[in-house]
Amino acid sequence: MPFLPKDILDIDSLTPEQITYILDTAVGMKEISQRPVKKVPTLRGKTVILYFYEPSTRTRTSFDIAAKRLSADSISLTGGSSSAVKGETLYDTAKNLEAMHPDVLVLRHSSSGAPYIMAKAMRCPVVNAGDGTHAHPTQALLDMMSVRENKGRIEGLKIAIIGDILHSRVARSDCIGFTRLGARVTVCGPSTMIPKGIESLGVDVTTRMEEALTDADVVMMLRIQKERQSGFFFPSEREYAALYGLNARKLALAKPDAIVMHPGPINRGLEIAPDVADGNRSILLEQVTNGVAVRMAILFLLATGGKGSGGVQHADVD
Amino acid sequence: MRMWIENALVVNPGGSGGRLDVCIEEGHISRMVPHGSENPQDAVCRETSVRIDAEGLVLVPGIVDMHVHLREPGHEYKETIESGCRAAAAGGVSAICPMPNTRPVNDNAQVTSFVLQRAKEANGVEVYPVGAISKGLKGIELAEMADMQQAGIVAVTDDGRPVSNSLMMRRAMEYACSLGLLVISHCEDLDLAAGGCMNEGPVATRLGLSGIPNAAETVMVLRDIALAELTGARVHIAHVSTRESVQAIREAKARGVAITCETAPHYFTLSEDAVEAYDTHAKMNPPLRSRADVEAVRMGLSDRTIDVIATDHAPHSSVEKDVEFDKAAFGIIGLETLVPLSLKLVSDGVLGWNDLVEKWSIHPARLIGIDRGLREGAPATLTLIDPNREWVLDPSALQSKSRNTPFAFWNLCGKAVLTMVGGRTVFSERNLS
Numbered sequence: 001m002p003f004l005p006k007d008i009l010d011i012d013s014l015t016p017e018q019i020t021y022i023l024d025t026a027v028g029m030k031e032i033s034q035r036p037v038k039k040v041p042t043l044r045g046k047t048v049i050l051y052f053y054e055p056s057t058r059t060r061t062s063f064d065i066a067a068k069r070l071s072a073d074s075i076s077l078t079g080g081s082s083s084a085v086k087g088e089t090l091y092d093t094a095k096n097l098e099a100m101h102p103d104v105l106v107l108r109h110s111s112s113g114a115p116y117i118m119a120k121a122m123r124c125p126v127v128n129a130g131d132g133t134h135a136h137p138t139q140a141l142l143d144m145m146s147v148r149e150n151k152g153r154i155e156g157l158k159i160a161i162i163g164d165i166l167h168s169r170v171a172r173s174d175c176i177g178f179t180r181l182g183a184r185v186t187v188c189g190p191s192t193m194i195p196k197g198i199e200s201l202g203v204d205v206t207t208r209m210e211e212a213l214t215d216a217d218v219v220m221m222l223r224i225q226k227e228r229q230s231g232f233f234f235p236s237e238r239e240y241a242a243l244y245g246l247n248a249r250k251l252a253l254a255k256p257d258a259i260v261m262h263p264g265p266i267n268r269g270l271e272i273a274p275d276v277a278d279g280n281r282s283i284l285l286e287q288v289t290n291g292v293a294v295r296m297a298i299l300f301l302l303a304t305g306g307k308g309s310g311g312v313q314h315a316d317v318d
Numbered sequence: 001m002r003m004w005i006e007n008a009l010v011v012n013p014g015g016s017g018g019r020l021d022v023c024i025e026e027g028h029i030s031r032m033v034p035h036g037s038e039n040p041q042d043a044v045c046r047e048t049s050v051r052i053d054a055e056g057l058v059l060v061p062g063i064v065d066m067h068v069h070l071r072e073p074g075h076e077y078k079e080t081i082e083s084g085c086r087a088a089a090a091g092g093v094s095a096i097c098p099m100p101n102t103r104p105v106n107d108n109a110q111v112t113s114f115v116l117q118r119a120k121e122a123n124g125v126e127v128y129p130v131g132a133i134s135k136g137l138k139g140i141e142l143a144e145m146a147d148m149q150q151a152g153i154v155a156v157t158d159d160g161r162p163v164s165n166s167l168m169m170r171r172a173m174e175y176a177c178s179l180g181l182l183v184i185s186h187c188e189d190l191d192l193a194a195g196g197c198m199n200e201g202p203v204a205t206r207l208g209l210s211g212i213p214n215a216a217e218t219v220m221v222l223r224d225i226a227l228a229e230l231t232g233a234r235v236h237i238a239h240v241s242t243r244e245s246v247q248a249i250r251e252a253k254a255r256g257v258a259i260t261c262e263t264a265p266h267y268f269t270l271s272e273d274a275v276e277a278y279d280t281h282a283k284m285n286p287p288l289r290s291r292a293d294v295e296a297v298r299m300g301l302s303d304r305t306i307d308v309i310a311t312d313h314a315p316h317s318s319v320e321k322d323v324e325f326d327k328a329a330f331g332i333i334g335l336e337t338l339v340p341l342s343l344k345l346v347s348d349g350v351l352g353w354n355d356l357v358e359k360w361s362i363h364p365a366r367l368i369g370i371d372r373g374l375r376e377g378a379p380a381t382l383t384l385i386d387p388n389r390e391w392v393l394d395p396s397a398l399q400s401k402s403r404n405t406p407f408a409f410w411n412l413c414g415k416a417v418l419t420m421v422g423g424r425t426v427f428s429e430r431n432l433s
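From first to last, the protein sequence lines are chains A and B.
First residue of the first sequence: 1, per UniProt numbering; consecutive thereafter.
First residue of the second sequence: 1, per UniProt numbering; consecutive thereafter.
So, in structure tokens, the structure goes:
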């Protein structure tokens, strides 16, 4: 079995085998959440710190539940309650948290690259729960898990990622993860929101939504932040929705069995029409469920030194 | 004390060069004669001097670094005038031009005088301050340039806080022109660059860092070329980093515009790839650019579009640098790596020794109106360089108070072994007694 690196900071540093290994482990973890008693003693006595420098409800809750279902003690620190507001540097925070002997540290931060500072300063594994506009590896993993679950594979699929690519760490991690597992990824959005040189990640680029959607197996919509309008990225929500919003008519261009995804939270009626978000092609809520499973897998693999054997799915977690 | 530098390879554009013996007396060069001269007078002089065997060494006119930040007054924990002078001397640099972005800003004669007073006390290399264009670098009112000139500034600039208002820049150029002052322009369109922390492109996209496009520099280079043509002022473009800027300046020079420019060693040595792994020591403004830009800068040096090599020595402490990349300060120190990084241009065939010395000494000296060049009767302001010395840059051994260099633990080749200012030895590796 391939061992994982000490930290999960991005998708770039994971091989296809390691990604598959995490996804396989997550499949076993998912079953735990379906039991009447949703808790196993696997990480009893382990401490997981959730340091959320930047606000987040969904990802923090997901990690928190994942830790608790494995019986780890999880502690949440948020930007407002942390010493960051008192002017402590990230390095000093890392050293102080380190002194409390956590077993895993999960970090969400507004600065790209911040988890690397944390990982360098700490002996325990660090999981990047989203940094700036750089990476969101656990989101990419849960996306890959959800696609694999629905399509039975990732290799050879056509995946369209549509919206604000420029400001999206999810888009970057998804581009890297899906292409690494052999999918063909097309990113699409207004030119103002396509970062320069994104082709270097091995993806196709288009500004025409129809082109991105045609024959797609997977349609991933990204959240558009309304405040971007003031940065000259698009003229109005109305025009954005007309050009890049997903509705049933546009979705018809994709394959008949195409699935619709979104990392959330969604803007109903802006990037995604309500009937599409709630429709039978949408797997938005499965993504959320799988998020817990993927995070359980990662906490388990890292807290046990990545030495979870093939028996993870059954023996070890019971 | 009379000093006899023996058998140095003298590189002295516009003057005598080759294998010479140079005699230094009372702060001046008293003799420059071919090595092995049989002249009995020379023999006597040699025998009665402190002799420095300079075989294998290169002697050049004192290097002038026309773009440094010394942080005094205001941020003495990063660098003082004294420590900056020591760093310069150790790097083989005999004169430095500190930028006005201190606290308070050097926008009046009192601050200029303070800087010069401190420099005098430091008794190290020569210090020629650069004054602000606008009061407080705010780009609203002109600073008292004539008063500062009286006090000793050699140029004006708002450097890192460039003048955005084109009318103000026009007036600044016109006013400086009437005083004969050089205008140094840090070319950056602040709107285009806003929020950026590295070069825009694939590396920034992969790292999720917001980018600064080449155009942020180039549009202002083009503006300032147009304003230089309009006003007739002497305009000098600071730290050129993009291929488009090099091309714009090349074309302006061909048209006869009175424009000059500089680049810094990091722009011809490193590309944006150095930012990989979020190394804040690779964060500077303008940012490290693509490999194509690095090539264009080297070409610009080679074809004489770029007149000057200056370091943009920008000391910062770990407080500003050991933080998240987007929060880190811009800038790196450069005085003590100038010589080896520039010499790489010679070994790579980009520049000949004469070209290099022009960009180190002759051109910047001319721009700020000081004398450089080795000849009998001239002040003995010179640098002796061992071009073959291989060494490893140990940041803890630097003279600068700051350690923010991307070249830590690099294997470098070439080092200053003696720096002399008006006959005073300000740095020496050897025991001269």
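Cβ coordinates follow ideal geometry from the N, Cα and C atoms, glycine included.
Since this is a predicted model, take the numbers as computed values, not measurements.
- Exclusion of the five residues before and after L181/B leaves M145, Q149, A155 and V156 as the residues of its chain whose Cβ lies within less than 7 angstroms of its Cβ.
- Listed in chain order, the non-local C-beta contacts of K30/A below 6 angstroms within the same chain comprise A293, local neighbours out to five positions each way being set aside.
- For the segment 177-211 of chain A, the set of residues with a beta-carbon nearer than 9 angstroms to any beta-carbon of chain B comprises P195, K196, G197, I198, E199, S200 and L201, in chain order.
- Using a Cβ-Cβ cut-off of 9 angstroms, T133/A counts as an interface residue toward chain B, since at least one Cβ of chain B sits closer than that to its own.
- Between E358/B and D307/B, the CB-CB gap stays under 9 angstroms.
- Contact between H281/B and N404/B holds, with the beta-carbon distance rounding to 6 angstroms and staying under 8 angstroms.
- For G177/A, there is no enclosing beta strand (DSSP E); the residue is part of the alpha helix (DSSP H) that begins and ends at R169 to R180.
- In its chain, beyond the 5 residues on either side, P100, T112, V115, P129, G131 and A132 have a beta carbon closer than 7 angstroms to the beta carbon of N106/B.
- The beta-carbon of D12/A is placed less than 9 angstroms from the nearest beta-carbon of chain B.
- For W410/B, the three-state secondary structure derived from DSSP is coil.
- Here A204/B is near G197/A, since their CB atoms are less than 9 angstroms apart.
- Neighbours of I117/A in chain B, taken as residues at a C-beta separation under 7 angstroms, are given in chain order as E324.
- The closest CA to that of R238/A, considering only A248/A, K226/A and G231/A, is found on K226/A.
- Y240/A has its alpha-carbon roughly 25 angstroms from the corresponding atom of R184/A.
- Assigned with DSSP and collapsed to three states, V257/B falls in coil, not helix or strand.
- Residue-level contact check: Y91/A touches chain B, since one or more beta carbons of chain B fall below 9 angstroms from its beta carbon.
- Residues S191 of the same chain have their beta carbon placed closer than 6 angstroms to that of T207/A, with the five preceding and five following residues left out of the count.
- Comparing alpha carbon positions, the residue from H316/B, D42/B and G349/B closest to M299/B is G349/B.
- Contacts between G208/B and chain A, judged by CB atoms closer than 8 angstroms, involve S112, G113, D131, G132, T133, H134, A135, R169 and R172 in chain order.
- Contact of H101/A with chain B is not assigned, every C-beta pair being separated by 9 angstroms or more.
- Using a CB distance cut-off of 9 angstroms, H262/A does not count as an interface residue toward chain B.
- Here G414/B is buried. Its C-beta has 16 or more other C-beta atoms within 10 Å.
- Remark: C-beta atoms of F325/B and L207/B approach each other more closely than 9 angstroms.
- By alpha-carbon distance to R375/B, the top candidate from V10/B, T102/B, E6/B and M3/B is V10/B.
- Contact annotation: in the segment 183-212 of chain B, residues whose CB is within less than 8 angstroms of a CB in chain A are E200, G201, P202, V203, A204, T205, R206, L207, G208, L209, S210 and G211.
- Per the coordinates, the alpha-carbon of V235/B lies some 30 angstroms from the alpha-carbon of P406/B.
- CA-CA distance, G17/B to I385/B, rounds to 15 angstroms.
- Residues of the same chain with a CB within less than 6 angstroms of the CB of I65/A, apart from the 5 flanking positions on each side, are V292 in chain order.
- For C175/A, the CB contacts under 8 angstroms within the same chain, skipping 5 residues up- and downstream, are I161, V185, V187, I198, L201, G202 and V203 in chain order.
- A residue is called buried once 16 or more other Cβ atoms fall within 10 Å of its Cβ, and T15/A, having fewer, is exposed.
- At a cut-off of 9 angstroms between C-beta atoms, K327/B counts as an interface residue with respect to chain A.
- With respect to V93/B, I368/B sits apart: the two C-beta atoms are not nearer than 9 angstroms.
- If you compare the alpha carbons of H167/A, G156/A, V276/A and P195/A with that of L181/A, the shortest gap goes to G156/A.
- Take the alpha-carbon of G62/B and the one of D293/B: they are about 29 angstroms apart.
- Within the DSSP bridge table, the entry for V60/B names T383/B as partners.
- Under the three-state reduction of DSSP output, T15/A falls in the coil class, being neither helix nor strand.
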